[in-house]
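Asker: The numbers in our numbering rise by one with no breaks, and the one at position 29 of the sequence shown is 214.
Ideal Cβ positions, reconstructed from N, Cα and C, are used throughout, including at glycine.
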Amino acid sequence: QEQVVESGGGLVQPGGSLRLSCTTSGSIFDTGFMGWYRQAPGKQRELVAVITSGGVTNYAESVKGRFTISRGNAKNTVYLQMNSLSPEDTAVYYCNAEIRMNFYWGQGTQVTVSS
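1. Closer than 7 Å by C-beta to Ala137: which residues in its own chain qualify, once you throw out the five before and the five after it? Chain order, please.
2. Could you tell me how far apart the beta carbons of Tyr279 and Ser206 are, in whole angstroms, since I believe they sit closer than 8 Å?
3. Could you tell me which of Val298, Gly195, Met267 sits nearest to Val248, measuring between CA atoms?
4. For Gly250 and Gly194, what's the separation of their Cα atoms in angstroms?
5. According to the neighbour-count rule (16 or more other Cβ atoms, all chains shown, within 10 Å of its Cβ), is Arg256 buried or exposed?
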């Protein structure tokens, strides 16, 4: 069973920044599409940002201009740089990764934006 592990969540004040990281157990040759999703209390899980193995990105409208998704040099790693955070960004953030044509979820990391 492949593993997807997120890190970097926490409590931040409005206007602050956080950087989330996600690493898979797949090799750099096996890991393709990677993405970040989030789920706020009482809401459905929603897409935040995705990136292909070739570096093509796509963002939810609500985070465009504030969040940046990128892949590490070891391409089984993906980052989500989150700037200008607002309370509406509070959610559990999940990483999703394609490993050998199957998709796997991480356990999630909590991001709380509050003063």
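Answerer: Put simply:
1. The first residue shown for the chain is 186 and the last is 300, placing residue 137 beyond what the model contains.
2. The residue you call residue 279 lines up with position 94 of the sequence shown. The residue you call residue 206 lines up with position 21 of the sequence shown. The Cβ separation is near 13 Å, so there is no contact.
3. Residue mapping note: residue 248 aligns to position 63 of the sequence shown, counting from 1. Nearest neighbour of Val248 by Cα position, chosen from Val298, Gly195, Met267, turns out to be Met267.
4. In the sequence shown, residue 250 corresponds to position 65, counting from 1. In the sequence shown, residue 194 corresponds to position 9, counting from 1. Rounded to whole angstroms, Gly250 to Gly194 spans 20 Å at the Cα level.
5. By one-based count along the sequence shown, residue 256 stands at place 71. Counting Cβ neighbours within 10 Å, Arg256 comes out buried, since at least 16 surround it.
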